[in-house]
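Colleague: For the record, in the sequence shown the residue sitting at position 6 is 6 according to my numbering, with numbers rising by one throughout.
Note that beta-carbon positions come from the ideal geometry of N, C-alpha and C, so glycine has one too.
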Amino acid sequence: MRMTVVLSLVASAAVQVAAGDFSATCSGTSYFSTSITSFCDSADQESTEKTDIDLKKCLANVGGRLVFCDCGLAGDKKTLNCRCTDASGTKKPTSINLDTCLSNIDATLTC
């Protein structure tokens with residue numbers, strides 16, 4: 001099974017930002033329902049903005065992996081741990097490092 005992740009490339013004339021690694025420039029991260037909320041630095045690093053993103057826009061159920069059921073944010077505030085139902089109806093643990101799919105683009109979380 002493969003999970004296909006579509007990445008959007010965002011270019012900024014002022015600052016080039018690498019995709020992923022949101023936790024390097026965001027803090028106070030929390031998880032509720034299917035959304036991640038964090039406080040992220042602006043591109044010029046002169047301000048910090050509260051931003052959130054609904055992970056349903058970024059992640060999908062692929063063969064019972066990483067559906068939004070019994071999920072929680074790990075202590076490192078960048079790993080999402082879930083117990084997801086597979087095709088046979090069995091709940092299996094799975095996790096994803098959100099740095100691999102979330103970016104801070106000028107104080108806005110993107111996937």
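Less than 7 Å between C-beta atoms, sequence neighbours within five positions excluded: which residues of the same chain meet that for asparagine 97?
Modeller: Your numbering for residue 97 matches position 97 in the sequence shown. The answer, listed in chain order, is Lys78 and Thr79.
Colleague: Please determine, among Thr25, Asp52, Cys111 and Ser38, the residue with the shortest C-alpha to C-alpha distance to glutamine 45.
Modeller: One-based indexing of the sequence shown puts residue 45 at position 45. If we check each option's Cα against that of glutamine 45, Thr25 comes out closest.
Colleague: Please classify serine 117 as buried or exposed, where buried requires at least 16 neighbouring CB atoms within 10 angstroms.
Modeller: There is no way to answer for residue 117, as the model of the chain reaches only from 1 to 111.
Colleague: Which same chain residues end up closer than 6 Å to glycine 20 when comparing Cβ atoms and leaving out the 5 residues on each side of it in sequence?
Modeller: To locate residue 20, count along the sequence shown from 1; it is residue 20. Once the five neighbours on either side are set aside, the close Cβ partners of glycine 20 are Asp99, Thr100 and Ser103.
Colleague: Could you compute how far the alpha carbon of isoleucine 53 sits from the alpha carbon of threonine 37?
Modeller: By one-based count along the sequence shown, residue 53 stands at place 53. By one-based count along the sequence shown, residue 37 stands at place 37. Taking the straight line joining both Cα atoms gives about 7 Å.
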